[in-house]
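Data first, discussion second: the structure below is written as structure tokens.
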Amino acid sequence: MTELIQEIYGTIMRNKLRTLLTGFSVAWGIFMLIVLLGAGNGLIHAFENQSKGMIMNSMKIYPGMTSQPYKGMKEGRSIYLKESDRELTATSFPDHIIQTGATVSKSDVILTYGKEALSIGINGVFPNYPSLEAIKIKEGRFVNARDMEERRKIIVLHEKTVKNLFPHTSPIGKYLNAQGVPYQVVGIYTDQNSFSPSALVPFTTLQTIYQKGDSIDNITFTTKGLADEATNEQFEAEYRQALGLKKQFSPTDEGAIWIWNRFTQYLQQQTATQILHTAIWVIGIFTLLSGIVGVSNIMLITVRERTHEFGIRKALGAKPASILWLIISESVTITTFFGYIGMVAGIAVTEYMNQVAGKQTMDMGVFSMTFFENPTVDLSIAIEATLTLVIAGTLAGLFPARKAARIRPIEALRAD
């Protein structure tokens with residue numbers, strides 16, 4: 001074994017540049033596969049985390065502006081939503097709509113408590129808001145039916161708001177001032193995506209205090225029986241038609257109202273994720289193949305250059321198996337050593353990406369989104385990729401090795 005190691009080492013040292021170039025192609029193949037998989041996983045993990053806990057079978061309706069003329073009326077008319085539109089939504093589609101809610105808002109309200117102050121938007125919501133949106137009550141309670149009936153001045157704050165207004169005390173039961181309107185804090189909520197979170201009050205309370213009448217900012221509802229993209233698109237068309245009859249706009253006018261269908265968006269994102277994952281693996285595999293081709297070529301060249309040497313060995317009594325083993329060992333050594341370097345470098349880069357870019361958020365205005373999270377690769381995948389390259393490198397060296405082992409001594413000695 002010692003002699004074999006010394007012989008492999010001597011061969012490598014005699015061909016340093018060739019060995020380094022071959023090793024680089026091997027290391028680069030493993031490195032790029034791991035980095036690409038890590039970057040892809042960062043995008044996929046961020047998407048999965050954003051989707052986790054969200055109410056996927058829900059839709060949100062926002063008012064818009066007509067883009068088509070309708071019954072003698074010109075395009076460009078603003079469409080407004082009212083409470084009666086929510087009631088129409090709740091009663092018109094009993095087979096597909098489970099529950100409905102609505103939101104009415106007041107922006108740029110100054111909340112103060114003692115010496116602390118904060119500008120924030122206030123949303124008037126229904127008691128079923130947590131069933132329609134991805135929020136959780138962290139402490140206290142949420143808006144209930146009695147709050148709605150009595151138009152109580154109670155408020156539920158986001159945990160980020162609590163840190164600013166109540167840095168040293170629990171807010172539950174405390175009163176804060178909203179530009180002359182006192183609200184009692186009854187709960188604290190948390191969610192995943194809020195960058196500029198809103199304070200939540202009973203829907204009827206906000207309507208009354210800020211004189212909103214029966215206007216609403218959006219309608220939210222959960223659905224059932226819509227299992228794929230086709231049925232969701234059909235329902236959207238039927239809903240647009242029903243609301244269009246009431247609001248006087250064309251059922252094909254997609255600008256009149258904007259429908260945010262979380263389920264179809266989720267399906268589209270899943271498809272994009274699968275395409276991304278497949279593309280990364282395809283690119284990575286071809287990168288690995290380039291390393292395998294490099295090893296194969298170097299072995300072919302090695303066999304050709306050492307033909308005389310192999311002829312002398314066989315003339316002195318060396319068995320074909322010993323020559324075969326020598327060439328394969330050299331191939332495995334180069335592939336394993338540089339493959340390990342590529343694997344370690346790839347893992348190091350993904351860990352660096354995780355430290356620098358992992359869980360970074362992008363400000364989207366009213367909320368933030370995480371586009372890159374935990375861009376790492378399972379160690380088992382990295383090891384499997386390296387072993388695959390080692391095995392492929394072994395096979396790449398096997399064919400020229402068999403050729404060298406079969407050559408007759410007289411032919412080897414005559415070869416140029």
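Reminder that position 366 of the sequence shown reads as 366 in the UniProt record's numbering, one-by-one numbering, no gaps. Note that the Cβ used here is the ideal one computed from N, Cα and C, for glycine as well.
So what does Thr100 bridge to, in DSSP terms?
Phe221
By how many angstroms is the C-alpha of Ile259 removed from the C-alpha of Phe235?
Looking at the backbone, the Cα of Phe235 and that of Ile259 are separated by about 11 Å.
Quick check on the DSSP output: the alpha helix (DSSP H) that includes Lys163 runs from which residue to which?
159-165 is the span of the alpha helix (DSSP H), which, as asked, contains Lys163.
On the three-pair Cβ rule with 8 Å, is the stretch 117-126 touching the stretch 245-262?
The answer is no - the stretch 245-262 does not touch the stretch 117-126, with fewer than three Cβ pairs under 8 Å.
Give a yes or no on whether the C-beta atoms belonging to Phe221 and Thr100 are separated by under 8 Å.
yes
Between which residues of its own chain and Gly365 is the CB-CB distance below 7 Å, once the five residues before and five after are set aside?
With a pLDDT of 42 at Gly365, under the threshold of 50, the predicted position of this residue should be treated as unreliable, and no value is reported.
Assigned exposure category for Tyr183 - 16 Cβ within 10 Å defines buried:
buried
I'd like the span of the alpha helix (DSSP H) that includes Ala237, first residue to last.
229-247
Based on the DSSP output, what are the partners of Ala178 in its beta bridges?
Leu111, Val181
Can you name, in chain order, every residue of its own chain whose Cβ lies under 6 Å from the Cβ of Phe338, other than the five neighbours on each side?
Gly23, Val26, Ala27
Going residue by residue through the stretch 45-98, where are the continuous beta strand (DSSP E) segments of at least 3 residues, counting only ones entirely within it?
58-63
Is the beta carbon of Ile44 less than 8 Å from the beta carbon of Gly64?
No. Outside cutoff.
Spatial neighbours of Ile171 in its chain, beta-carbon cut-off 6 Å, leaving aside the 5 residues before and after:
According to the sequence displayed, residue 171 carries Pro and not Ile. Counting only Cβ-Cβ distances below 6 Å, and skipping sequence neighbours, we find Val162, Val185.
Look at the alpha carbon of Ile328 and the alpha carbon of Ala382, and state the distance between them as a whole number of angstroms.
Answer to the nearest angstrom: the Cα atoms are 23 Å apart.
Taking contact to mean at least 3 C-beta pairs separated by less than 8 Å, is the stretch 197-205 in contact with the stretch 142-153?
By the Cβ criterion, the stretch 197-205 is in contact with the stretch 142-153, since at least three pairs of Cβ atoms, one from each stretch, lie closer than 8 Å.
In angstroms with no decimal places, state the Cα-to-Cα distance between Phe367 and Pro197.
Because the pLDDT of Phe367 is 46, which lies under 50, any placement of that residue in the model is unreliable, and the question is left without a value.
Residue range of the beta strand (DSSP E) that Leu200 falls in?
199-202
In whole angstroms, give me the CA-to-CA distance for Gly187 and Ala102.
20 Å
Of the choices Val344, Lys314, Ile334, whose alpha-carbon is the least far from that of Lys16?
Ile334
Look at Ala178 and Val125 and say whether their C-beta atoms are less than 8 Å apart.
no
DSSP-derived helix/strand/coil call for Asn354
helix
What does the Cβ neighbour count give for Gly313, buried or exposed, with the cut at 16 atoms within 10 Å?
Going by the sequence as given, residue 313 is Arg instead of Gly. Buried.
Ile61 versus Leu176: straight-line alpha-carbon distance, rounded:
32 Å
Close-in-space but distant-in-sequence residues of the same chain around Val293 (CB under 7 Å, 5 per side omitted)
Around Val293: no qualifying Cβ.
Enclosing alpha helix (DSSP H) for Leu226 [first to last residue]:
Unbroken run through Leu226: none, as it is neither H nor E.
Can you give the Cα-Cα distance for Gly173 and Leu157, rounded to whole angstroms?
12 Å
Quick check on Ile172: does DSSP put it in helix, strand or coil?
coil
The beta strand (DSSP E) with Ser250 in it runs from where to where?
From DSSP, Ser250 is part of no beta strand (DSSP E); its letter is neither H nor E.
Report yes if the C-beta distance between Ile55 and Glu133 is below 8 Å; otherwise report no.
yes
Roughly how many angstroms separate the alpha carbons of Ala348 and Ile298, rounded to a whole number?
28 Å
Taking the alpha carbon of Phe286 as the reference point, which residue from Gly29, Leu20, Leu21 has its own alpha carbon closest?
Gly29
What span of residues does the beta strand (DSSP E) with Gly117 cover, start to end?
Position check: residue 117 holds Ala in this sequence, whereas Gly was assumed. Here the beta strand (DSSP E) through Ala117 covers 116-125.
Could you tell me if Gly284 is buried or exposed, where buried requires 16 or more neighbouring beta carbons within 10 angstroms of its beta carbon?
buried
Buried versus exposed, by CB contacts within 10 Å (16 or more), Leu36:
Burial call: buried.
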